[in-house]
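Structure record follows, encoded as structure tokens.
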Amino acid sequence: VSAGTRPTGSVHPLAIAAMQEIGVDVANARSKSTDEFRNAAFDVVITVCDNAAEECPLWLGQGKRIHIGFPDPARGTLDDFCAVRDSIRQQVIPFLDSVCASA
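Its first residue numbered 1, the sequence shown is counted upward by one per residue in our numbering.
Structure (structure tokens):
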């Protein structure tokens, strides 16, 4: 699940382009609010935006909460989006692999 504290309803076109570069089609995705998941239970919540650790609703604190901050590329270039995408792949994916392996 991916959600934000201030979604616009659509995915940034440069985020779509950055993901297409690695063969992931998110063209039909939409940005979602954390409010949509208010009643959901999570084992792990990972916040990634610089301010998300502070803004993430307390109810998401049911499971383990991890903050791995990345700069918001929203006002940047495709290269900025790709850099954040690659950083997420390098830092978040190995963490998730370790969580899944220990589950």
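The beta carbon of each residue, even a glycine, is placed where N, CA and C say it ideally should be.
Taking DSSP as the reference, what is the three-state secondary structure of residue i?
| i | result |
| --- | --- |
| Ser10 | coil |
| Thr47 | strand |
Which stretch, first to last residue, makes up the alpha helix (DSSP H) that contains residue i?
| i | result |
| --- | --- |
| Val84 | 78-102 |
Looking at C-alpha atoms only, which residue of the options is the closest neighbour of residue i?
| i | options | result |
| --- | --- | --- |
| Ile22 | Gly63, Cys82, Ala101 | Cys82 |
| Leu14 | Thr34, Leu96, Pro73 | Pro73 |
| Met19 | Gly4, Asp50, Asp79 | Asp79 |
| Asn28 | Val44, Gly9, Gln91, Thr5 | Gly9 |
Along the chain, where does the beta strand (DSSP E) containing residue i start, and where does it finish?
| i | result |
| --- | --- |
| Lys64 | 64-70 |
Is the segment 83-93 close to the segment 63-70, with three or more CB pairs under 8 Å?
Because the criterion of three Cβ pairs below 8 Å is met, the segment 83-93 and the segment 63-70 touch.
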